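Protein chains: 2
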Amino acid sequence: MDKRSPKHLYTMKDLTQRQKEILEFIEHHEWRNGFWPSIREIQEKFEFKSTNAVMGHLRALEKKDVLERIPGQARTFRIHRPDDGDSTQLPKEAHEVVDIPIVGAIAAGYPDRVEGAGEIGRLQVDIGSAGFSSQRRSFALQVRGDSMVDAEIYDGDRVVIEPRDAHDGDIVAALIDGETTLKRYIKKAGEPPYLKAENKFYPELYPVTELCVQGVAKAVVRNL
Amino acid sequence: MDKRSPKHLYTMKDLTQRQKEILEFIEHHEWRNGFWPSIREIQEKFEFKSTNAVMGHLRALEKKDVLERIPGQARTFRIHRPDDGDSTQLPKEAHEVVDIPIVGAIAAGYPDRVEGAGEIGRLQVDIGSAGFSSQRRSFALQVRGDSMVDAEIYDGDRVVIEPRDAHDGDIVAALIDGETTLKRYIKKAGEPPYLKAENKFYPELYPVTELCVQGVAKAVVRNL
DNA sequence: CTTGACAATGGACAAGCGTTCACCTAAACA
DNA sequence: TGTTTAGGTGAACGCTTGTCCATTGTCAAG
């Protein structure tokens, strides 16, 4: 039986440990890849030997109203988040950038992206009507060290990272020795990519194979 | 559906009209529903009578490097948005990020946020890192000139301004000669305050009396 | 002891969905 | 004149994927 207390609008903390893990993986997968996982991908991640194990959890999550799916259709998740802010397995030291409503007076009027395409200042997201946030991708990263001073990025700055594939010349957040640092991503045609520090006193080049590039830096933010 | 806007936000360099429509539908679908469309859903929307019509366009879009997909897998799109390198233009997704108007110059008083008049763009920052206390009234100012290079603020950067009274040592946005510029605010006890440029080649000091201080700079944002 | 949640196995089916082949039209080259 | 590029039809083929069946086991509550 469901023992949700009736005063709770959103109860999502009565999730099982396993269910939380499933939910987090689904969210994380979307966050990283931009699309939702398939049931068999979830199965693989948790090393289930049957897809039905996943199905059970999905059914439970749907019954507990934290998930929604389109029956019969592939990779069509929808997550209802009252936002718990619990432990997400983001990269360490990363402030998650999430669930911040749009400020300003432009909240009204739902922009149809197709039509308003050229008009800047009208393209606003209406989280209210969507009811969920489809992409929580970007996050901010605190810069440590001075390996990027030649790119005018200093110790203590914050960099907005967007997880995606890096191109040549991008500044990327990479995981080196358990710590995320910024480097410039160099990829010449026909050559293996490598990472380079933007500091003349740091001539090191880091081979990319053993690294985990977590995303591309989009902007620097420094408090004054 | 008309297209009065001269330039799209995409790099629709050589995209066909039809290809633009397809791309926009895909983006729009993701934006509305939270997941990507299937090929047959695209087909339906455009009333194609063969899925192969969609396939052709997808192949074209992939070849033109605005799209990416995982072969054989359902609803696994990835859109390469050209918001990498430059731009005062912003990505169309404003998900989960604070949205602050960018103003080039402020004639007098504070920028009129309501209508977006005078806006030359919008800035998206993660709120956690910037710590804007009263984001509702904050605005971003495009930096012109190099009068603040010694404070690591460069031409083209954006500065988030919070309207409030300045204290000694604050960097402020001040109205000089009809244009808003950044200066450091100096106020010693018993002396009248004045403004100072952070550039050793700009030794000027501006008396504060005839100026209008519009707010205090709280953060610098520079796109990479 | 029974009941019911929770968790998982194993196998199988059918619909969803991406992909391909053959073939067609029209415009733009050259 | 042929060739290329963009756009489209029609019909399959087969992998992907969601779904359902029966079955096993644990654990806490009634």
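Top to bottom, those sequences are chains A and B. The opening position of the first sequence corresponds to residue 182 in the numbering used here, with each subsequent residue numbered one higher. The opening position of the second sequence corresponds to residue 182 in the numbering used here, with each subsequent residue numbered one higher. Where is the CB? At the ideal position from N, CA and C, for every residue including glycine. Small disclaimer: the values here were computed from a predicted structure and weren't measured.
The beta strand (DSSP E) enclosing residue i, as first and last residue numbers
i	result
B/R250	L248 to R250
A/F258	F258 to I260
B/I334	B/I334 -> no beta strand (DSSP E), and no H or E assigned at all.
Under 8 angstroms between C-beta atoms of residue i and residue j
i	j	result
A/A398	A/I367	no
A/K377	A/D349	no
A/F206	A/K226	yes
B/D331	B/N380	yes
B/I220	B/V235	yes
A/I260	A/E208	yes
B/D338	B/R403	yes
B/M329	B/L363	yes
A/E333	B/E372	no
B/A354	B/Q323	no
Opposing strand residues paired with residue i [DSSP bridges]
i	result
B/A355	B/T362 and B/V394
B/V402	A/V402 and B/R339
The alpha helix (DSSP H) enclosing residue i, as first and last residue numbers
i	result
B/F227	I220 to F227
B/E243	T232 to K244
Closest by C-alpha distance to residue i, when choosing among the options
i	options	result
A/E211	B/N380, B/G326 and B/T257	B/T257
B/Q254	A/A355, A/F216, A/E243 and A/L196	A/F216
A/D195	A/E228, A/I223, A/L242 and A/T232	A/L242
B/L239	B/L204, B/R365 and B/A354	B/L204
B/V401	B/F382, B/N233 and B/V341	B/V341
B/L248	B/E372, B/E343, B/Q200 and B/N233	B/Q200
B/R325	B/T361, B/A347 and B/R213	B/T361
A/T197	A/N233, A/K245 and A/T232	A/K245
B/Q224	B/G237, B/N214 and B/C393	B/G237
B/P374	B/C393, B/Y383 and B/F382	B/C393
A/E228	A/E202, A/R213 and A/N214	A/E202
Proximity test, residue i beta-carbon vs the ligand ADP heavy atom, cut-off 7 angstroms
i	result
A/S328	You won't find the ligand ADP in this model; it holds no ligand whatsoever.
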